[in-house]
Amino acid sequence: METVRRKNRATILQYINDHGPASRKDLADVIGLTPAAVTQICTELLREGILQETGQNVEQSGAGRKKVLLDIDYRVAYVYAINIEPEYTTIALSDLKGEQIACERLKTDASIAPETFLKHLAKRCQKMAAAHKKAVPHIAAAGVGITGLVDRAEGSSIKAYGIWEDEVPIARILGQVLELPVFVENNVNAFAVAEQLYGAGREYDHLMVIKWGPGVGCAMIIDQKIYEGRHAKAAELGHFIVEKNGALCHCGRRGCLETKVSYPVLNRITPFAEEEFGLTYCKAKGHKEGIAFDEAIDLFARSIVNSATIMAPNRILLTGSLFASQIIRDELVAACSSYDTNWGEGKVIYSQLSDREHYIGPAAVCVNRLLFGES
Ligand SMILES: [Zn+2]
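Heads up, the sequence shown is in this note's numbering, so the first residue is 1100 and it goes up one at a time.
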């Protein structure tokens, strides 16, 4: 009974999240529950403050009768969103819609013990919350996105490439200081969760999410679920083998895509700031640096086309600092099209959430757990 009740709650909230405000009658019609059951669940959600009545909509039929619409109150609670990547860590205070109240970025310090660094982050979170106490009365959870392999059930980072080599019980350490539930997820998977809640994932069932910069990250949404594979090792696009006897990769293999296209590697061709890749690429055209950049884009394109051949996603969704430039995205699509002429308009899209990429993933992971009970 309890399982059914929770599932029905989640279905109602998910429908409203994906389609906007709805009346009790609409909900009963589309979800396939009895009006009495919908009313009962909505009453409960209204009492908890998760739903709110948002005014009235004139019904099409029924002689102008009005019906009350229900919407999620995305400010019923707030969450900490913490994104830990090799260079920088972002801490944000976000509402349940992924809108930030406050945000700060600091250097990821891998030289100190993980526990020390994490406790430092927790203190910064508390300081941020104290500074926004009026606007943010209730913080419900903390979400953490981190590169590499993650044990979601344990809330641990197994191997955070470029940050920590050993297992780190992130949820336990942060939870001790914050005294809140802490959810941990791989950073690109977390971003894919955000796409499901707030972005293209509401429209498409099968998505391949690709992040470029500083490394290559990938997540696969298949049938509206993030596919993780054995030991959560699926979707390692950055570790596609693209070169025989190639350079040694940090994953232990040779000739991985990342050894050819990661930001540090490209930066050795000619130095540039991550966000200026488009400009740098244009200046390099016609020179030997330009040829090297084109080779990198070509290898990337091949890996993407091959992956999509296996997965058959509705869309390929790009994000990350090196994809910030339209020029680079166009070059990538052109390279994909050179292998398969079907890769024209529309198959590759740029994420609408890219400007919030540095925190929205971990925020979405929290919301997913809190509102929809997704693990
Ligand atoms: Zn590798």
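Note that CB positions come from ideal geometry on N, CA and C, so glycine has one too. Computed from a predicted model, the values in this text were never measured in an experiment.
Item, Value
"So, at 6 Å on beta carbons, what are the nonlocal neighbours of glutamine 1040 in its own chain, with the 5 sequence-adjacent residues on each side left out?", "Summary: the structure shown does not reach residue 1040, with the chain confined to residues 1100 through 1474, and so no result is reported for it."
"Identify, in the order they occur along the chain, each residue of the same chain with its Cβ nearer than 6 Å to the Cβ of leucine 1195, setting aside the five sequence neighbours on each side.", "Tyr1173 and Val1466"
"Please identify the residue among Pro1120, Ser1361 and Gly1472 whose C-alpha is closest to the C-alpha of glycine 1154.", "Pro1120"
"Out of curiosity, what's the CA-to-CA distance linking alanine 1180 and lysine 1387?", "42 Å"
"Mind checking whether the beta-carbon of histidine 1330 lies closer than 7 Å to any heavy atom of ligand 1?", "no"
"Does the distance from the C-beta atom of serine 1476 to that of glycine 1312 stay below 8 Å?", "Since the displayed the chain opens at 1100 and closes at 1474, residue 1476 lies outside it and no answer follows."
"Indicate the three-state DSSP secondary structure (helix, strand or coil) for phenylalanine 1339 in the structure shown.", "coil"
"Give a yes or no on whether the C-beta atoms belonging to tyrosine 1297 and leucine 1452 are separated by under 8 Å.", "yes"
"Verify whether the separation of the beta carbon atoms of phenylalanine 1282 and arginine 1468 is less than 8 Å.", "yes"
"What are the complete alpha helix (DSSP H) segments, minimum 4 residues, inside the segment 1373–1450?", "1376–1383, 1387–1410 and 1425–1438"
"Given a threshold of 16 other Cβ atoms within 10 Å of its Cβ, counted over all protein chains shown, does methionine 1100 qualify as buried or as exposed?", "exposed"
"Can you tell me whether DSSP reads arginine 1251 as helix, strand or coil?", "coil"
"Would you kindly report the start and end of the unbroken alpha helix (DSSP H) that includes methionine 1227?", "1213–1230"
"Which residues share a DSSP beta bridge with glutamate 1184?", "Glutamate 1184 is not bridged to any residue."
"Buried or exposed for isoleucine 1426, please, with buried defined as at least 16 other CB atoms from any protein chain shown within 10 angstroms of its CB.", "exposed"
"Using the beta carbon as the reference atom, which residues fall closer than 6 Å to any heavy atom of ligand 1, ordered along the chain?", "His1338, Cys1348, Cys1350, Arg1352, Cys1355 and Glu1357"
"Taking the alpha-carbon positions, what's the aspartate 1322 to glycine 1385 distance?", "44 Å"
"Am I right that isoleucine 1340 and cysteine 1350 are in contact with their C-beta atoms under 8 Å? What's the rounded C-beta distance?", "Wrong, their Cβ atoms sit about 11 Å apart, outside the cutoff."
"What does the alpha-carbon distance come out to for the pair isoleucine 1403 and lysine 1226?", "42 Å"
"How long is the line joining the alpha carbons of leucine 1279 and glutamate 1184, rounded to whole angstroms?", "22 Å"
"For alanine 1136, which residues from the same chain have a beta carbon less than 8 Å from its beta carbon, with the 5 sequence-adjacent residues on both sides left out?", "Asn1107 and Ala1127"
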